[in-house]
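Trainee:
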Amino acid sequence: MRAIEAHARETFPEECCGFLLGTATEPRKVAALRRATNVVETNRERRYVIDPREHLAVEKELVGTGREILGFYHSHPNHPAEPSEFDRSHAWPWYSYLILSIVDRVPKDLRAWSLEGTSASFQPVPLEIA
0 MRAIEAHARE TFPEECCGFL LGTATEPRKV AALRRATNVV ETNRERRYVI
50 DPREHLAVEK ELVGTGREIL GFYHSHPNHP AEPSEFDRSH AWPWYSYLIL
100 SIVDRVPKDL RAWSLEGTSA SFQPVPLEIA
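First residue of the sequence shown? That's 0 in numbering that gives the first Met the number 0, and the numbers climb one at a time after it.
Spelled out as structure tokens, the structure:
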């Protein structure tokens with residue numbers, strides 16, 4: 000959580016983004032984070048896009064480690080920790096999505112979400128920080 004907060008402070012007022020890495024056994028446990036580069040060209044205060052080549056490189060690095068990409072995190076500068084329509088249109092089922100609301104460089108709220116495949120809507124996911 001502190002690493003996501005630090006990343007969001009550094010990129011504020013633009014969105015930060017990154018990978019959630021861990022094991023897919025239930026319950027899922029994020030064991031590590033990997034920062035990603037936000038490559039979106041416009042409206043960076045409200046959008047993030049991770050380069051598919053960067054995504055593929057992380058997947059290749061994880062082969063044989065017992066870890067995989069469980070999902071993604073990103074910040075919402077001066078905005079609630081709720082998925083936007085842009086988030087929904089760029090999300091995939093199965094993955095977890097952490098969104099950090101950060102207001103004037105102060106982290107406010109961290110929430111977890113998953114995309115329901117049948118309804119294509121985000122549902123809140125319980126989040127336990129150990």
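Beta carbons are placed, not taken as given, at the ideal position from N, Cα and C, and that holds for glycine.
These numbers come from a predicted model, not from an experiment.
Is the beta carbon of E53 sitting closer than 9 Å to the one on L61?
Mentor: The count along the sequence shown starts at 1 and reaches residue 53 at position 54. The count along the sequence shown starts at 1 and reaches residue 61 at position 62. No, these two residues do not count as a Cβ contact at 9 Å.
Trainee: Relative to the C-alpha of P125, which residue among S100, P76, K107 and Y96 is closest?
Mentor: Sequence index remark: in the sequence shown, residue 125 carries index 126 (1-based). Closest option to P125, Cα to Cα, is Y96.
Trainee: DSSP three-state label for I128, please.
Mentor: Here residue 128 refers to the residue found at position 129 of the sequence shown. Correct three-state label for I128: coil.
Trainee: Leaving out five residues before and five after A7 in sequence, what residues of the same chain have Cβ atoms less than 7 Å from its Cβ?
Mentor: Taking the first residue of the sequence shown as 1, we reach residue 7 at position 8. For A7, where only same-chain residues beyond five positions count, the Cβ hits under 7 Å are C15, S74, L99, I101 and P106.
Trainee: Could you pull the DSSP bridge partners for G21 from this structure?
Mentor: As a working note, residue 21 is residue 22 in the sequence shown. G21 is bridged to V29 and E67.
Trainee: Suppose the cutoff is 8 Å on Cβ atoms and the five residues either side in sequence are ignored; what does the same chain contact list for E58 look like?
Mentor: Walking along the sequence shown from the start, residue 58 turns up at place 59. For E58, where only same-chain residues beyond five positions count, the Cβ hits under 8 Å are E67 and I68.
Trainee: Got a sec? Which residues, its chain only, sit under 7 Å from R104 by beta carbon, not counting five neighbours each side?
Mentor: What you label residue 104 is simply residue 105 of the sequence shown in a count that begins at 1. Once the five neighbours on either side are set aside, the close Cβ partners of R104 are R8 and F11.
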